[in-house]
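What follows is a short report on a single structure.
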Amino acid sequence: MNDVARIVKRIKDEDGRIGIISHFDPDGDAIGSVLGMYNFLKKFKKNLDPILKDEIPYLFKFLPGSDEVKSSPAEYYDLLLLLDASDITRTGFDNLKFGDLVRIDHHKTGTNYSSFDYLNENAPSTTVLVLDILRSYSEKDITREVAEPLYAGLLTDTGGFRYSRDFSMAFSAALYLSGKGIDCQEIAQKIFLRKKLQVFKLLALALETLTVVEDRIAYIVLRKEFFEATGTDSSDSQSFVTYPLSVDDVAVGIKFTEAGDNFWKVSLRGKNRVDLAEIAEEFGGGGHKNAAGLRMEGDENTVVSTVLSRILKALKSEK
Ligand code: AMP
Ligand code: MN
Ligand code: MN
Numbered sequence: 132m133n134d135v136a137r138i139v140k141r142i143k144d145e146d147g148r149i150g151i152i153s154h155f156d157p158d159g160d161a162i163g164s165v166l167g168m169y170n171f172l173k174k175f176k177k178n179l180d181p182i183l184k185d186e187i188p189y190l191f192k193f194l195p196g197s198d199e200v201k202s203s204p205a206e207y208y209d210l211l212l213l214l215d216a217s218d219i220t221r222t223g224f225d226n227l228k229f230g231d232l233v234r235i236d237h238h239k240t241g242t243n244y245s246s247f248d249y250l251n252e253n254a255p256s257t258t259v260l261v262l263d264i265l266r267s268y269s270e271k272d273i274t275r276e277v278a279e280p281l282y283a284g285l286l287t288d289t290g291g292f293r294y295s296r297d298f299s300m301a302f303s304a305a306l307y308l309s310g311k312g313i314d315c316q317e318i319a320q321k322i323f324l325r326k327k328l329q330v331f332k333l334l335a336l337a338l339e340t341l342t343v344v345e346d347r348i349a350y351i352v353l354r355k356e357f358f359e360a361t362g363t364d365s366s367d368s369q370s371f372v373t374y375p376l377s378v379d380d381v382a383v384g385i386k387f388t389e390a391g392d393n394f395w396k397v398s399l400r401g402k403n404r405v406d407l408a409e410i411a412e413e414f415g416g417g418g419h420k421n422a423a424g425l426r427m428e429g430d431e432n433t434v435v436s437t438v439l440s441r442i443l444k445a446l447k448s449e450k
């Protein structure tokens with residue numbers, strides 16, 4: 132049996148409690164994977180908990196099922212489906228108890244090997260891998276409520292079909308999903324064209340920090356006071372790392388977000404020059420070659436200079 136068939140059988144056989152979970156600070160792919168799987172399995176009267184540690188950002192709340200997502204897990208799951216998260220710690224919960232684990236993911240890095248793994252780092256989004264599972268499970272049950280979150284994950288993880296290791300995978304999944312009664316234009320509009328005015332005020336403050344280093348790296352800094360001044364939070368700045376990356380000639384764009392006292396979230400985006408997942412992993416983070424993340428303790432200057440010097444070193448040693 133291949134990976135997909137084994138996972139389908141394992142889910143079909145489960146009569147107990149199933150948890151469907153993804154990473155904290157959920158992005159469109161995390162939310163889309165959980166909701167696509169949840170809305171599909173609901174049709175089979177399974178005992179299900181969709182779980183995300185942090186709140187779903189308002190831009191994704193239109194997705195069907197989003198108001199049913201729980202913010203904490205039950206004591207025990209007979210089966211836990213871990214989606215778009217390379218290991219259990221990415222869920223943000225340290226007390227998860229479960230029988231079997233199914234892992235469906237497209238990250239380069241990861242641990243928690245499971246005998247029910249469906250992993251493909253070329254996949255443009257985890258929702259595309261979830262779609263493979265669901266197609267094998269029951270094609271006719273891939274209704275609009277299932278297709279819409281899956282498409283949203285694909286749309287956002289590819290940055291609106293701009294980034295992908297394998298565009299044919301992205302386009303063929305998009306073509307399939309577009310035939311399931313979804314309105315692709317409306318989904319794009321709801322996700323990309325509905326920003327609140329405060330988000331632009333936050334962006335203005337962030338862009339004042341935009342700095343280019345040796346014509347190779349550009350970064351922005353989101354300080355806690357910016358969020359306070361504009362009535363926003365870090366989930367409102369998920370897409371801002373595109374700005375430093377958009378600077379001409381820059382190979383790596385970085386966003387530093389102050390997430391607590393002496394605590395920073397760092398988002399890395401690249402243009403295929405260096406492996407950012409490898410660099411992020413050195414600091415306990417992970418991700419993909421061109422999109423990775425990590426968290427770091429320290430004051431602003433130390434965190435910024437530590438990350439910059441590591442990436443400059445990588446860029447200088449590239450062939
Ligand atoms: P972000 O910059 O937070 O949007 O994350 C970029 C990519 O790196 C996403 O695919 C994340 O899932 C992954 N990632 C971000 N932070 C971490 C982390 N601390 N550990 C592992 N992977 C991460
Ligand atoms: Mn994700
Ligand atoms: Mn993803």
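Numbering (this note's numbering), first residue to last: 132 to 450. Just so it is clear, CB atoms sit at the ideal spot from N, CA and C, and this is done for glycine as well.
Residue i, DSSP secondary structure in three states
{"i": "D248", "result": "strand"}
{"i": "E431", "result": "helix"}
{"i": "F292", "result": "coil"}
{"i": "G417", "result": "strand"}
{"i": "L87", "result": "Since the first residue of the chain shown is 132 and the last is 450, residue 87 is not available in this structure."}
{"i": "K321", "result": "helix"}
{"i": "K143", "result": "helix"}
{"i": "F357", "result": "helix"}
{"i": "S436", "result": "helix"}
{"i": "I313", "result": "coil"}
{"i": "V277", "result": "helix"}
{"i": "A408", "result": "helix"}
CB of residue i within 9 Å of CB of residue j, strictly
{"i": "G167", "j": "V277", "result": "yes"}
{"i": "L446", "j": "A349", "result": "no"}
{"i": "D218", "j": "T242", "result": "yes"}
{"i": "D377", "j": "L334", "result": "The amino acid at residue 377 is misidentified as Asp; the sequence shows Ser. In this structure, L334 does not lie closer than 9 Å to S377 by Cβ."}
{"i": "L281", "j": "S164", "result": "yes"}
{"i": "L210", "j": "I149", "result": "yes"}
{"i": "H238", "j": "A216", "result": "yes"}
{"i": "G147", "j": "G230", "result": "yes"}
{"i": "L214", "j": "I152", "result": "yes"}
{"i": "F371", "j": "K355", "result": "no"}
{"i": "G284", "j": "A161", "result": "yes"}
{"i": "Y307", "j": "L260", "result": "no"}
{"i": "S256", "j": "A301", "result": "yes"}
{"i": "A422", "j": "Y294", "result": "yes"}
Beta strand (DSSP E) segment containing residue i, residue limits
{"i": "Y350", "result": "I348 to L353"}
{"i": "V344", "result": "T342 to V344"}
Beta-bridge partners of residue i, as assigned by DSSP
{"i": "N178", "result": "R148"}
{"i": "R400", "result": "G384 and A422"}
{"i": "G391", "result": "F394"}
{"i": "Y208", "result": "F229"}
{"i": "L213", "result": "I152 and R234"}
{"i": "D447", "result": "Position check: residue 447 holds Lys in this sequence, whereas Asp was assumed. Answer by DSSP bridge pairing: none, since K447 is not bridged."}
{"i": "K201", "result": "I182"}
N- and C-terminal bounds of the alpha helix (DSSP H) containing residue i
{"i": "I98", "result": "Residue 98 lies beyond the residue range present for the chain, which begins at 132 and ends at 450; the question has no answer from this structure."}
{"i": "G230", "result": "Looking at the DSSP string, G230 is not in any alpha helix (DSSP H); the run it does join, the beta strand (DSSP E), is F229 to D236."}
{"i": "R266", "result": "T257 to S269"}
{"i": "F331", "result": "L328 to E339"}
{"i": "L306", "result": "F298 to S309"}
{"i": "Y376", "result": "The amino acid occupying residue 376 in the given sequence is Leu; Tyr does not appear at that position. L376 -> alpha helix (DSSP H) spans T373 to S377."}
Chain-order list of residues whose beta-carbon lies under 8 Å from that of residue i (same chain, five-residue window excluded)
{"i": "D185", "result": "F155, D156, P157, S202, G223 and S366"}
{"i": "Q329", "result": "T361, G362, T363 and D367"}
Beta-carbon proximity list for residue i, same chain, < 6 Å, skipping 5 on both sides
{"i": "V200", "result": "P181 and L183"}
{"i": "D198", "result": "none"}
{"i": "L250", "result": "D236"}
{"i": "F358", "result": "D364"}
{"i": "G196", "result": "L166, Y169 and N170"}
{"i": "K332", "result": "T361"}
Other residues of its chain near residue i: CB distance less than 7 Å, five sequence neighbours each side excluded
{"i": "S245", "result": "L232, V233 and R234"}
{"i": "D380", "result": "D346"}
{"i": "L179", "result": "I149, I151, Y169, L172 and K173"}
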